[in-house]
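Engineer: Protein chains in written order, with our numbering: chain Z, 1 to 470; chain R, 471 to 1336. The beta-carbon is built from N, C-alpha and C at its ideal position, and this holds for glycine as well. Here it is, the structure in full.
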């Protein structure tokens, strides 16, 4: 919450002209969430420092927030906002140093474009993503970076390190450039904003970043974080920046630090395709997708007239809301709307609403279940819902060895309770068939390795007409 | 004419327009019992004569009739009903709801009808309509019985119609006023030796008169026989004699079994196959001496003929039927009810032993009445969802069993021999679990989702909103442990009212005042341990876990958080802790003292850092680190300006700005005290952390002994809990810590002062604070089960490191406790209800409903700092 700008330019006090703050005064500005103080601890012809000290009022910060029960750092009074350089500092810069940030200086206009040797000290700056990101953001812009990490808790050194740094950035540049880049990059490093991000944020980013962001190697992550991961806004930002910068084309792929490396997108397509093929082969008309998530499979089913009634069930009501939005349920014509139903439910509970479908799909779901949950799921699906056909996919754990970043012993997702080998999946399928009177076929989906098999296992279970359940 | 009407029936009035049906209906029935087609027409079309609305009006009429009958209410249909087609759906509706259809026909002369209609202004149709109605009626009269009407009453004149009286009569199966006690006896199948032993064991004394034993219980208990007295066994005649005598003398009730039904057909001269033991019955009847044989057979026939399919007893709390009965059929009368009571529900298929595949109606049973039945032999009495099958296959060499009601005990006599080889061996459930536990491995979404109202002993009608149950479904499915372990979730706890004293947010005075205001004389103050809430269910063995909880392969218990999540991801550590606890309970002698093999303990598990590690790192320690770094640099900068001689040391604010400038010296002081406060904050959270490398670093502080076999201990006061737990703690002081406490008499000023000082000392030592509870555990009304008073320093980790600052504390004092308190009361009631239901052995869904309710209420948004 302390920003100190120092210059050794001759004469150093030019800084105060640009900042539009008198060097022999201490000034206070009220900012809604607290008070900003500006003062000069040091003024001479050879060196001049200006401090912007932000005194955040934590009570006002929490109280003033609508929907304060959403999760996030501001829900609690115990939060780091009063102590760190965050988006609150960006706001303070834009208010207290507005003229410098906008490049105006009525009394000494010749200073505006003059480059000074400047040092900005930020105490303390949260860097979510570590020192590497700090370098990644500022080094390409030509800053010298000195960063000291604050210990998390000296009494419990085993708890690891804190995300906070005392940072000094030095560069010979105009004050406006320095402030603009700080304005944008502080919240990017913090990866948090205390206010709602909308359309106007996009405009602000384009306005503040048009000179330097287009060519920045980390523009993808900057845009995404600045716009709080709102994909639509971020894509538009990139498009706009791209127009002004031809060099952009060579960075089509998102940066690997941000991209979930689980698997190439191709596999997902192959999996969905195989599920649809299995449904068609079984002649299934009415289909329920269990654990439908945001409705990727439902969308395909809905667009295919050979399917009749379609339902998606998920345990998260929020996910279902997103699915409804992505499927644009409210805008569908009546006849289409009647075909599809979203059900909030759980695979742990027997549920009347799951009956009456020809087929159920269970795509990449069971590996999230605990042992006792899997037992309940088996009965919910195969004993009570009892569709003619069940199409189920789950990872083949053996294949993980092919991915260096997971490794033979690793799992593809933190929440996976198990990733079965092909033998394990086959023997599970056999047990299901014997207990509930089904027949199973098992396929490998995706690029097949001779020794390790395919990345995804697909089981097609069909009710056995001849033999009943044991 | 006196017209007897069964209490629950569908009364169909039949008669031409103007025959006086409406008048008749209003004379004999409550207006709400009568559904008239005219009224339905008016409801839909604003005109009771609007014939275009007729079709819809009848749809509505049928709908209302169906709903009323489903709810068990007598219903009268006021419409002409002279056509067969219009009566047919009514008979259908009556059948669907297993209700007797009764027809009351007003067959009055045409001229009376006509003259009545002429007097009505709104009846514009001509006389031909009445003639038509009468013609239809004439054609119908004979066939009403065949159409399905069980009783038909025809009133032929105005006088008859006026003088008719109606009498409501209970159904034959309605014995709600018989309250027992009863001894309900399963399928005897001619095993009279065992029957005599069983009756004597149950305390019935035989008086022999004329060679016939007359059994009678000296305390007035009555026996109920569940049918299948005959066939297969060696002494069928004696069995029939004993039972018929008891029934005749009012010492017993008897419902028919399928074997009686078949015997009846045989005795009526029909020719059923002599299989399944009927041959033995006929043989034994035939061997009776010539003089008595026919008379006996006749007595048996009339006895069987008079048996009622099932009985509803004791205010509807007990139902008996040979093969059981689903809830919709209790107290109803129809052919299908009788069929079900005799044979159960079969799918029409047969299994590999050639026996009919039975639909397990008991698995779907949701009723509150206990249903006792037999019919299907089982190795042990089979309890499932408030039903019990007590046919323990005596004739197949099993047992003859009785269910004592209301004691709910089983008394059994082993068969002296195998009298008949069973077609299918009597084998216990392969999973080793009881039928109930096996059934309970799957819960039904319909029992938890949507808006729900739960009735608990402590608080009736707790409403769960739909959004909250949806949230709970997600929490339960994604994070909670096996629901079979979740027999209790603790309620949320409200803090005391905000303190009036300037430096405090919470202070004991308010807690004491509150309890005195609630009329509580004595409270117990308990040290509040700063760890994480842990609920512990511990069994003596895995066998006990299977027997009591129906859990296999998950060790001897579970330790879970207050939201039902597994406390330890490290399962061996969890089991090691449970083992330690088991040893301590053994050493303390609590298994014996409480006569139990499992316990449910409400505890705090320490240190805080073991569960809250992530939170500590990312939130508490992080805030400390940020404060440390930034405050010291701010202080450095502020000191530098103090060193600048040329500086104008007055703060100014920009024109129009409301900021309050301060002296830089003051600002420096302010930052120094900020630093001091954040250092205190670091000390606070550090006190609750220590490194944990294994079980020896863990501490468990139990403070409530919630339940054990057959008992929920909320009927005992907190002294009992603390003393019993103290015994336990002394058995393993390395792991278990006692809870310090102080009893305060709220009518004694000295005692109150003592309580305040006790809290001050506790918090001065770095304690979190205390919990104040009424001495008696369980309280009704608005008395909070517990109120917390947290220490001034501790609250830094709740309200912020610097909350004690003069510009923060006064603003934090406005807090709203109402929602939190109301939740605490409702969650308390639900938690206790869950335990009580579990201890009573109710099905898991009934326990789960309450625990689920606690989770649902916890999704209600409340200020998290309270």
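Would you say residue 663 of chain R lies against chain Z (beta-carbon separation less than 8 Å)?
Structural biologist: By this cut-off, residue 663 of chain R is not an interface position.
Engineer: Do the region 573 to 593 of chain R and the region 529 to 543 of chain R touch if we need at least three Cβ pairs shorter than 8 Å?
Structural biologist: Contact fails: fewer than three Cβ-Cβ distances are below 8 Å.
Engineer: Sorted by chain position, which residues of the same chain lie with C-beta nearer than 7 Å to residue 276 of chain Z's C-beta, five sequence neighbours on each side aside?
Structural biologist: 300, listed in sequence order.
Engineer: Which residues in chain R sit within 9 Å of residue 432 of chain Z, going by Cβ to Cβ distance?
Structural biologist: Going along chain R, no residue has its Cβ under 9 Å from residue 432 of chain Z, so there is no contact; the nearest lies around 15 Å.
Engineer: By how many angstroms is the C-alpha of residue 994 of chain R removed from the C-alpha of residue 1245 of chain R?
Structural biologist: Rounded to whole angstroms, residue 1245 of chain R to residue 994 of chain R spans 6 Å at the Cα level.
Engineer: Taking the alpha carbon of residue 875 of chain R as the point to measure from, which residue in R:654, R:568, R:1182 has its own alpha carbon closest?
Structural biologist: Among R:654, R:568, R:1182, the Cα nearest to that of residue 875 of chain R is on R:654.
Engineer: Using 8 Å as the limit for Cβ to Cβ distance, is residue 151 of chain Z near chain R?
Structural biologist: Judged by the 8 Å Cβ criterion, residue 151 of chain Z is in contact with chain R.
Engineer: Can a CB atom of chain Z be found closer than 8 Å to the CB of residue 466 of chain R?
Structural biologist: One cannot answer for residue 466 of chain R here, as it falls past the ends of chain R, which runs 471 to 1336.
Engineer: Closest to residue 1096 of chain R by CA distance: which of R:1148, R:1080, R:1056, R:1133 is it?
Structural biologist: Closest option to residue 1096 of chain R, Cα to Cα, is R:1148.
Engineer: Output yes or no for whether 8 Å exceeds the beta carbon distance between residue 810 of chain R and residue 996 of chain R.
Structural biologist: Contact: no.
Engineer: Contact criterion: CB-CB distance below 8 Å. Does residue 17 of chain Z meet it with respect to chain R?
Structural biologist: False, the Cβ-Cβ gap to chain R never drops below 8 Å.
Engineer: Could you give the residue range of the beta strand (DSSP E) that holds residue 313 of chain Z?
Structural biologist: Per DSSP, residue 313 of chain Z belongs to the beta strand (DSSP E) from 310 to 314.
Engineer: For residue 286 of chain Z, decide whether its Cβ has a neighbour in chain R, counting only Cβ atoms nearer than 8 Å.
Structural biologist: No, because no Cβ of chain R sits closer than 8 Å to the Cβ of residue 286 of chain Z.
Engineer: Can a CB atom of chain Z be found closer than 8 Å to the CB of residue 830 of chain R?
Structural biologist: Not closer than 8 Å to any Cβ of chain Z, the Cβ of residue 830 of chain R fails to qualify, so no.
Engineer: Going by the CB atoms, is the gap between residue 1144 of chain R and residue 1067 of chain R shorter than 8 Å?
Structural biologist: Not in contact: residue 1067 of chain R and residue 1144 of chain R (Cβ atoms no closer than 8 Å).
Engineer: Measure the Cβ-Cβ separation of residue 992 of chain R and residue 1194 of chain R and say whether it is below 8 Å.
Structural biologist: Cβ atoms of residue 992 of chain R and residue 1194 of chain R: not closer than 8 Å.
Engineer: List, from N- to C-terminal side, the beta strand (DSSP E) runs of 3 residues or more that fit wholly inside the region 11 to 91 of chain Z.
Structural biologist: Listed in chain order, the complete beta strand (DSSP E) runs (minimum 3 residues) inside the region 11 to 91 of chain Z are 26 to 30, 34 to 43, 48 to 56.
Engineer: At least one CB of chain R closer than 8 Å to the CB of residue 20 of chain Z: is that the case?
Structural biologist: Not one chain R Cβ lies under 8 Å of residue 20 of chain Z.
Engineer: Determine, for residue 952 of chain R, whether the minimum Cβ-Cβ distance to residues of chain Z falls below 8 Å.
Structural biologist: Output row for residue 952 of chain R: interface = yes.
Engineer: Answer with yes or no whether the minimum CB distance from residue 1269 of chain R to chain Z is below 8 Å.
Structural biologist: At least one chain Z Cβ lies under 8 Å of residue 1269 of chain R.
Engineer: So which residues on chain Z does residue 1093 of chain R lean against when the C-beta distance must stay under 8 Å?
Structural biologist: Correct list: 78, 79, 80, 83.
Engineer: Using alpha carbons as the reference points, say which of Z:122, Z:119, Z:101 lies closest to residue 112 of chain Z.
Structural biologist: Taking only the C-alpha atoms, the option nearest residue 112 of chain Z is Z:101.
Engineer: Hey, does residue 376 of chain Z have any beta-carbon neighbour from chain R nearer than 8 Å?
Structural biologist: At least one chain R Cβ lies under 8 Å of residue 376 of chain Z.
Engineer: Would residue 302 of chain Z and residue 310 of chain Z qualify as a contact pair, given that the criterion is a beta-carbon distance under 8 Å?
Structural biologist: The answer is yes: Cβ separation under 8 Å.
Engineer: Could you give the DSSP three-state label for residue 425 of chain Z: helix, strand or coil?
Structural biologist: If DSSP states are grouped into helix, strand and coil, residue 425 of chain Z belongs with the helices.
Engineer: Is residue 46 of chain Z close to chain R? Criterion is C-beta to C-beta, closer than 8 Å.
Structural biologist: So, not an interface residue.
Engineer: Helix or strand or just coil, what does DSSP make of residue 1 of chain Z?
Structural biologist: Residue 1 of chain Z: coil per DSSP, three-state reduction.
Engineer: Where does residue 724 of chain R sit, in a helix, a strand or coil, going by DSSP?
Structural biologist: Strand.
Engineer: Quick check on residue 382 of chain Z - is its C-beta less than 8 Å from some C-beta in chain R?
Structural biologist: With 8 Å as the cut-off, residue 382 of chain Z does not count as an interface residue toward chain R.
Engineer: So residue 1206 of chain R packs on residue 1054 of chain R, CB below 8 Å; how close in whole Å?
Structural biologist: About 6 Å separates the two Cβ atoms, so the contact holds.
Engineer: Going straight from the alpha carbon of residue 966 of chain R to that of residue 1286 of chain R, what length do you get?
Structural biologist: Looking at the two C-alpha atoms, the distance is approximately 11 Å.
Engineer: Quick check: the Cα distance between residue 979 of chain R and residue 192 of chain Z, rounded to an integer number of angstroms?
Structural biologist: Near 42 Å, if we compare the C-alpha coordinates of residue 192 of chain Z and residue 979 of chain R.
Engineer: Is there a Cβ of chain Z sitting closer than 8 Å to that of residue 1324 of chain R, yes or no?
Structural biologist: Answer no: the Cβ-Cβ gap between residue 1324 of chain R and chain Z never drops below 8 Å.
Engineer: Under 8 Å Cβ-Cβ, which residues of chain Z neighbour residue 1313 of chain R?
Structural biologist: Ordered by position in chain Z, no residue passes the 8 Å Cβ test against residue 1313 of chain R, which lies about 13 Å from the chain.
Engineer: DSSP puts residue 1070 of chain R in a beta bridge; with which residues?
Structural biologist: Per DSSP, R:1007, R:1177.
Engineer: Between R:512, R:1006, R:1251, which has its C-alpha nearest residue 1074 of chain R's C-alpha?
Structural biologist: Closest by alpha carbon: R:1006.
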